[in-house]
Amino acid sequence: MLIQFKCPDCGADMTFDAQEGVLMCASCGHKEQADELKQEPKYREVEDSTEASTYGSESTELQYQCQSCGAVIITEPNTTATSCSFCGSPVVLGDKLSGALSPKYVVPFKISKQNAEETFKNWSKKLKLAPADFKADMKVKSLTGMYVPFWLYDLLGQGEAKLNATKSSTHREGEYEVTETKHYEIYRQVDLTYNKVPADASKKMPDTLMDKLEPYEYNDLKKFDTPYLAGYVSERYDRDYKEEFPRVEKRAESYMDNYIRDTVKGYDTVSFSKRNYQVRQTDASYTLFPVWMAYSMHNSEEHSFFMNGQTGKIVGDTPVSKGACVAWTALFIFIFGIIGALIAVLLNDMALALALPGGIIGMIVGVIVGLLVVSSWRSAMKGVMTAGSNTYLNAGQSKVLRQYDHYTHTTTSKRKIENNNNN
Ligand SMILES: [Zn+2]
Ligand SMILES: [Zn+2]
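Structural data, given as structure tokens:
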């Protein structure tokens with residue numbers, strides 16, 4: 246079953262408009278609400294009749310007939326939305342989005358293609374450490390808007406943990422500095438609920454980069470409907486929720502660590518000594534998230550970039566040029582060296598003899614500043630971290646069931662105070 250969205254006024258193809266959040270006709274500007282469509286569709290849903298003969302056949306490719314130009318559209322088994330390769334008309338493959346394969350939710354695109362292009366361009370300009378030819382080659386033009394399949398897990402995290410904590414105080418006894426450290430044994434039993442923790446359900450998409458695209462804002466989460474896919478590419482999941490579970494389980498366990506750690510307050514050091522957690526899945530919802538994808542080749546390696554189609558956050562595996570790192574650090578050393586030399590000379594009544602030592606001190610400062618700045622640029626290129634541990638916490642349904650902080654013992658250490666009075 247192939248679905249094409251034809252404008253009721255002029256018959257041209259309608260696509261989902263990210264900025265307005267409606268189905269829009271590119272040729273006459275006619276608009277229709279995307280989420281009200283199912284009730285009383287005013288647009289014409291054109292369906293082809295080839296369904297029975299092709300769907301369920303043993304071939305891995307599925308064939309559909311484009312209702313705009315009549316060409317045969319051949320798709321891969323996982324494709325759920327694409328466009329006709331002959332006339333460009335957007336098509337949604339309804340048979341792969343129904344029954345058990347029907348997504349429950351969708352976060353619609355909010356960033357238009359034009360918007361995404363500009364954002365990618367501005368971002369790539371700021372990549373100071375990327376090789377010059379890579380930046381020049383960055384093919385923002387080949388931007389693809391894709392609805393990526395995700396599982397959203399509702400999780401119940403139950404368990405207990407023991408922690409060791411210390412509190413220290415120092416005082417002076419004669420010529421000694423005495424440190425008293427009080428040791429505590431801490432116990433927490435928790436019952437935590439996490440809602441809609443995402444994990445991408447596509448083998449093709451790199452897991453860590455998909456994680457870094459988070460968070461998506463769930464106030465835009467809509468009940469799934471096919472018009473949202475019009476004009477975009479989409480695939481069905483090829484990893485089921487059981488296959489993806491170990492990934493969210495691990496994540497929930499680290500979230501539990503953070504929750505427990507936040508309840509232990511007023512100590513100087515805290516460390517886990519024992520954990521016993523169980524993470525159970527109470528629900529998993531098949532959901533589509535919007536992602537803009539761009540590819541770039543560099544030294545015959547493919548680099549991919551992804552943008553959260555709702556928030557505009559970009560992640561990617563950008564190549565880092567060693568030459569650029571060295572050049573930027575050298576520039577910092579040079580600039581700070583000159584500044585150091587100038588300061589030394591000016592502060593000492595134009596004593597030129599001090600230019601060299603002043604310059605050397607300046608260069609040392611330049612090395613430190615250069616390394617710090619360059620490494621912060623490097624980490625910015627790798628993308629920021631994934632969503633924090635409270636993003637998916639359902640605070641109202643989460644609590645500490647049992648807890649204690651027991652004082653166990655005190656240790657003492659002595660240190661002789663060095664005599665600093667050299668005058
Ligand atoms: Zn129209
Ligand atoms: Zn066509």
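Residues in the sequence shown are numbered consecutively from 246, following our numbering. Idealized CB from N, CA, C, for every residue including glycine.
Provide the residue span of the alpha helix (DSSP H) that contains residue i, from first to last.
i: residue 503; result: 486 to 508
i: residue 582; result: 567 to 592
i: residue 452; result: 452 to 457
i: residue 546; result: Segment 546 to 553 is the beta strand (DSSP E) holding residue 546; no alpha helix (DSSP H) there.
i: residue 358; result: 358 to 370
What I want to know is whether the C-beta of residue i ends up closer than 7 Å to one or more non-hydrogen atoms of ligand 2.
i: residue 252; result: no
Can you find a heavy atom of ligand 1 that lies under 7 Å from the Cβ of residue i?
i: residue 257; result: yes
i: residue 624; result: no
i: residue 548; result: no
i: residue 570; result: no
i: residue 275; result: yes
i: residue 272; result: yes
Where do the ends of the beta strand (DSSP E) carrying residue i lie?
i: residue 436; result: 421 to 445
i: residue 532; result: 514 to 543
i: residue 681; result: Examination of residue 681 is not possible in this model, given that the chain is present from 246 through 668 alone.
i: residue 323; result: First-last for residue 323: undefined, no H or E at that position.
i: residue 418; result: 389 to 418
i: residue 658; result: 644 to 661
i: residue 561; result: 559 to 561
i: residue 251; result: 247 to 251
i: residue 336; result: 335 to 338
Could you tell me which residues DSSP puts in a beta bridge with residue i?
i: residue 475; result: Its beta-bridge partners do not exist; DSSP assigns none.
i: residue 277; result: 268
i: residue 259; result: 270
i: residue 346; result: DSSP, once it has assigned bridges, lists no residue as partnering residue 346.
i: residue 597; result: The partner list for residue 597 (beta bridge, DSSP) is empty, contrary to what the question assumes.
i: residue 467; result: 351
i: residue 319; result: 308
i: residue 480; result: 324
i: residue 616; result: Bridge partners of residue 616: none, in fact.
i: residue 374; result: Looking at the DSSP assignment, residue 374 forms no beta bridge with any residue, so it has no partner.
Excluding sequence positions up to five away, which residues of its chain have a Cβ less than 7 Å from the Cβ of residue i?
i: residue 661; result: 420 and 421
i: residue 406; result: 433, 505, 517, 519 and 520
i: residue 582; result: 604, 607, 608 and 611
i: residue 589; result: 599, 600, 602 and 603
i: residue 681; result: Nothing can be reported for residue 681: it is not among the residues displayed for the chain, which extend from 246 to 668.
i: residue 481; result: 323, 325, 341, 346 and 394
i: residue 593; result: 599
i: residue 597; result: 590
i: residue 489; result: 396, 444 and 446
i: residue 418; result: none
With 8 Å set as the bound, which would you pick, yes or no: does the beta-carbon of residue i sit closer than that to a beta-carbon of chain C?
i: residue 542; result: Absent here is chain C; the protein component of the structure consists of one chain.
Excluding the five sequence neighbours on either side, which residues of its own chain have a C-beta within less than 6 Å of the C-beta of residue i, listed in chain order?
i: residue 605; result: none
i: residue 398; result: 442, 493, 526 and 529
i: residue 562; result: 548
i: residue 257; result: 270 and 272
i: residue 503; result: 634
i: residue 455; result: 445
i: residue 639; result: 438 and 440
i: residue 351; result: 467, 469, 473 and 533
Taking 7 Å as the cut-off, is the C-beta of residue i nearer than that to any heavy atom in ligand 3?
i: residue 635; result: Among the ligands in the structure shown, ligand 3 does not appear; only ligand 1 and ligand 2 can be found there.
Apart from the five residues just before and just after residue i, which ones in its own chain have a Cβ nearer than 8 Å to its Cβ?
i: residue 364; result: 356, 552, 557 and 559
i: residue 623; result: 374, 565 and 570
i: residue 495; result: none
i: residue 336; result: 247, 248, 249, 309, 311, 318, 326, 327, 328 and 329
Under 6 Å, CB to any heavy atom of ligand 2. Which residues pass, going along the chain? Those residues are 311, 313, 314, 316, 329, 331, 332 and 334, given in chain order.
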